[in-house]
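Residue numbers (our numbering), protein chains in the order written: chain R, 882 to 1205; chain G, 883 to 1201; chain E, 27 to 304. No residue lacks a Cβ here, since even glycine has one placed at the ideal position from N, Cα and C. It should be emphasised that the depicted structure is a prediction, and the values quoted were computed from it without experimental measurement. Everything below concerns the one structure shown next.
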Ligand SMILES: Nc1ncnc2c1ncn2[C@@H]1O[C@H](COP(=O)(O)OP(=O)(O)OP(=O)(O)O)[C@@H](O)[C@H]1O
Ligand SMILES: [Mg+2]
């Protein structure tokens, strides 16, 4: 096995070295060109690879996905918008769309709200760096890792046996002696899965919002306090309006991540027990049902849902940058 | 506007600044808020603690009692790690070790390739203006909105079958069997829009004098890129490198799709997702496996926290 | 080193237009013509934004004219011009390289071996009086010392043309005078053609053989003056008191003032001028 490992790593390092070596050689040779040619060569060699990757990797495939979405499963028969009417007509998919909608409304709002509250509170505490690190830490963990952590929290055992899942045990400590099998309980399981997303993303919301709050000039809050604003009113009339655009950026960012959510569902339930969402259903259609038409249609729906969010997000980011 | 006049008013009363500042602080600090933050921190930490503790307990203990029982009966063992890495246990022929190797072999090139190619492109777009360069930059920028699900199926078809017009092959099949190349290329492609956008923003701000002086001294664009631009752009490159490293390391979708989950090339997350489905009852194995996959990002997180945050904030809309 | 005819700069009917981000065409300079003879020290003065840096960029080949031609040594500029060195207001030193490595960079870019480049760099650092500072980094030097390093870096390739874009603009008056004297001293030794941009008319008259005055945008050549003060000029502080200097200085200032005021009124924005008028 060690032999195998060293071959794999050797190949990898070889690939990196080869890649860099080829580039350096090209640069060296092209460096001899003079005048107009040198400029054209620079544009071609430096920009060309990126443009090519973009075309082959994103532009052409995306166009082809749209094309595939108009055909049947093995792309032999034209269906028009058949796959789209399926997506909006099939009752199984209704559940998927409903779940996705629940996810993109609830998870981002709770994440942002909790992040905001923490941002407001944490800055006033001693040892804030420690709290911040611990709350932010899940952001470093993969969604797969996070899912396993929480799957263990939700683990079910027959109530007559000693519990291993923390959630069930807590319920028992508080006197509820037969908690359900959490992951199987629809529709509750959707919300339990959302907690994972919130757990991962809250630190992100907190750090960004805390930076925005710190950037509010002291003058402004002080002036408001002189005018008699206190506590909640200060918060609602000064702090929130001053960081509004940041709040929206955080909200839409989490929303985009949520829309593309795949890992948590795949690891926790595989989309069973009424927890399926759009991105995972798209994967299933493509790689277990082998229906490229339906998978394409779902991917296009996902794209259409993401575009306005990203566009809005970018517009907000720009505005914020101009203000600064 | 109202803000502005208020600010001015305040400036004319500097004597009252000191007492009000503490007033602002006090307005939102109370014992209650300390308790609230403490509570959230505990809730946020305990699940991870459960993972770590379980991965260190003997198999019997894990099967019979909850992990909190560990504090009453502390038995420690590293056997789970040995099992999960080398034996795999429970009918799995190999442990996680090959997947760990795969993760490393995927992540390093999939971080280096896009950074190098994107910084090259960013240099041209920022410093060698030509007809259409603005349009190209805008296209890079705009393509950030395309979720990678849009490209998944056709790209996989391309890699496994190549592209042909009639009998003419315009793109050869990369060959999917146990090779890393498809994952490297896919990650590099998907990273490109964001990487070019971020690095362009940084590289365009570099001092014009340094670049033009080298040009006039006779350095070619390639030379300027290598000897002047890359060293100056190190902070941006580092931030993006950390972001991309973590993104690839933690990624499930691309890894799963472009390796098909084959042990020869699939990364850790795809194996863990699989284990989580089929070995759900052997928590000591699953938790040890999860901890192995989580430990590298955590080391990055705790040692490079400042850069980590910067990289993450810069790239948070990716995908 | 500079061949007798090699360093002539001929700017003939050059117009440069830019596409503004708004999509409009902006004419930065229009129909600019003048010539700098080999070994001549030519200063260019003009209000801010009149296209001085743009002109320099086209001589060095960093940029190309929209109309007209720029010739150096009789050859139309196409790509980076050979034998040109640049010195900017900000000294273009790489912060992560030592003084020696910074100066040696020019020959290395030109293809010299590392050892040879370093030997030449040492020699040039000696000439600008920085022996013993080879291993310092730029941030460990004073502003004047950094300027000297930049000067050594500009001259080490023995250019036939030296282009300076407000090189001493950021220095205090005393340091500026010292640097000007050193520049003249070094220039006398190798005599490259110099294209020197400045906002300081005294500096222009004290250093140059020829002063080109440009109008505000679109930039055109308003007048060209020959400075017939004898060389070597000695100290730039003292030459300012000579009657001929003052005469020339007044003459040029009369031409320039009008332009500067016009440009100021434009950049300072409409309301201010209107306010004054009313
Ligand atoms: N790349 C460009 N795109 C659009 N406009 C430009 C560009 N470069 C310069 N300009 C415009 O051309 C005009 C001339 O610029 P230039 O930098 O040559 O002026 P200058 O005479 O050097 O000014 P200063 O004395 O302030 O350095 C300015 O109005 C400037 O805004
Ligand atoms: Mg200028």
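> Which word fits residue 224(E), buried or exposed, when buried means at least 16 other C-beta atoms lie within 10 angstroms of its C-beta?
Replying inline: buried
>> With a threshold of 8 Å, are at least 3 pairs of Cβ atoms found where one atom belongs to the stretch 1060-1075 of chain G and the other to the stretch 1008-1016 of chain G?
In response: no
> Three-state secondary structure (DSSP) at residue 152(E)?
Replying inline: helix
> Mind checking if residue 1018(R) is an interface residue toward chain G, Cβ cutoff 8 Å exclusive?
Replying inline: yes
> At a Cβ cut of 8 Å, what residues of the stretch 1029-1054 of chain R count as close to chain G, listed as they run along the chain?
Replying inline: Those would be 1029, 1030, 1031, 1032, 1033, 1034, 1036, 1043, 1044, 1045, 1046, 1047, 1050, in chain order.
>> Any residue with its C-beta under 7 Å from a non-hydrogen atom of ligand 2 counts. Can you list them all in chain order?
In response: 78(E), 79(E), 191(E), 192(E), 223(E)
> Is residue 74(E) near ligand 4, with its Cβ less than 7 Å from a heavy atom?
Replying inline: Ligand 4 is absent from the structure shown, which contains only ligand 1 and ligand 2.
>> What would DSSP say about residue 223(E), mapped onto helix, strand or coil?
In response: strand
> Anyone know if the C-beta pair for residue 83(E) and residue 33(E) falls short of 8 Å?
Replying inline: no
> Where residue 1029(G) and residue 220(E) are concerned, what is the direct C-alpha to C-alpha distance, given to the nearest angstrom?
Replying inline: 56 Å
> Residue ranges of each alpha helix (DSSP H) run of no fewer than 4 residues wholly in the stretch 1162-1198 of chain R, ordered along the chain?
Replying inline: For the stretch 1162-1198 of chain R, not a single whole alpha helix (DSSP H) run of length 4 or above is found.
> Just how far apart, CA to CA, sit residue 30(E) and residue 186(E)?
Replying inline: Note that residue 30(E) has pLDDT 44, beneath the 50 cutoff, so the model's placement of it is unreliable and no number is given.
> Got a sec: does ligand 1 put a non-hydrogen atom nearer than 7 Å to the Cβ of residue 241(E)?
Replying inline: For residue 241(E), the shortest C-beta to heavy atom distance toward ligand 1 is 7 Å or greater.
> What residues match up with residue 191(E) in a beta bridge as DSSP calls it?
Replying inline: 223(E)
> Can you list, in chain order, the residues of the stretch 86-120 of chain E whose Cβ is nearer than 7 Å to any Cβ on chain R?
Replying inline: Within the stretch 86-120 of chain E, the residues whose Cβ lies closer than 7 Å to some Cβ of chain R are 104, 105, listed in chain order.
> So, is residue 904(G) buried or exposed, given that buried needs 16 or more other C-beta atoms within 10 angstroms?
Replying inline: Model confidence at residue 904(G) stands at a pLDDT of 45, short of 50, so the residue's coordinates are unreliable and nothing is read from them.
>> Give me the subset of the stretch 938-967 of chain G whose CB atoms are less than 9 Å from a CB atom of chain B, sorted by chain position.
In response: Note that chain B does not occur in the displayed structure, where the protein chains are R, G and E.
> Along chain E, in chain order, which residues have C-beta atoms closer than 7 Å to that of residue 915(R)?
Replying inline: 105
> Going by the C-beta, is residue 44(E) closer than 7 Å to any heavy atom of ligand 1?
Replying inline: Between ligand 1 and the CB of residue 44(E), the shortest heavy atom gap is smaller than 7 Å.
>> Measuring only the C-alpha atoms, how far is residue 1094(R) from residue 1178(G)?
In response: 31 Å
>> Does residue 909(G) come out as helix, strand or coil in the three-state DSSP assignment?
In response: With a pLDDT of 47 at residue 909(G), under the threshold of 50, the modelled position of this residue cannot be trusted; read the value that follows with caution. Residue 909(G) falls in the helix class under three-state DSSP.
>> If contacts are defined as beta-carbon pairs under 8 Å, then residue 1082(G) and residue 1024(G) qualify, I think. What distance do you get, rounded to the angstrom?
In response: Not confirmed; about 13 Å, so no contact.
> Interface residues of chain E around residue 919(R) at Cβ under 7 Å?
Replying inline: 105
> So is the beta-carbon of residue 52(E) under 7 Å away from any non-hydrogen atom of ligand 1?
Replying inline: yes
>> Cβ closer than 7 Å: which chain G residues qualify as neighbours of residue 132(E)?
In response: Simply 1099.
> Does the distance from the C-beta atom of residue 1017(R) to that of residue 1104(G) stay below 8 Å?
Replying inline: Taking 8 Å as the Cβ cut-off, residue 1017(R) and residue 1104(G) do not qualify as a contacting pair.
>> Let me check one thing: in DSSP terms, what residues is residue 43(E) bridge-paired to?
In response: 53(E)
>> In the DSSP output, what is residue 111(E) paired with across the bridge?
In response: Looking at the DSSP output, residue 111(E) shares a beta bridge with 188(E).
> Are there three or more Cβ pairs, one per stretch, closer than 8 Å when the stretch 140-156 of chain E is compared with the stretch 105-116 of chain E?
Replying inline: No, because fewer than three Cβ pairs between the stretch 140-156 of chain E and the stretch 105-116 of chain E fall closer than 8 Å, the two stretches do not touch.
> So which of 1041(G), 1131(G), 934(G) has the shortest CA-CA distance to residue 1029(R)?
Replying inline: 934(G)
> Which residue or residues does DSSP assign as beta-bridge partners of residue 68(E)?
Replying inline: Residue pairing by DSSP places residue 68(E) opposite 221(E), 236(E) in a beta bridge.
> How many whole angstroms separate the CB atoms of residue 255(E) and residue 266(E), which I take to be in contact at a CB cut-off of 8 Å?
Replying inline: Rounded, the Cβ-Cβ distance is 11 Å, inconsistent with contact.
> So what does DSSP say about residue 253(E), is it helix, strand or coil?
Replying inline: coil
> If we call anything under 8 Å between Cβ atoms a contact, is residue 183(E) one with residue 1099(G)?
Replying inline: yes
> Just checking my contact of residue 104(E) with residue 916(R) at CB under 8 Å: how many whole Å lie between their CB atoms?
Replying inline: 5 Å
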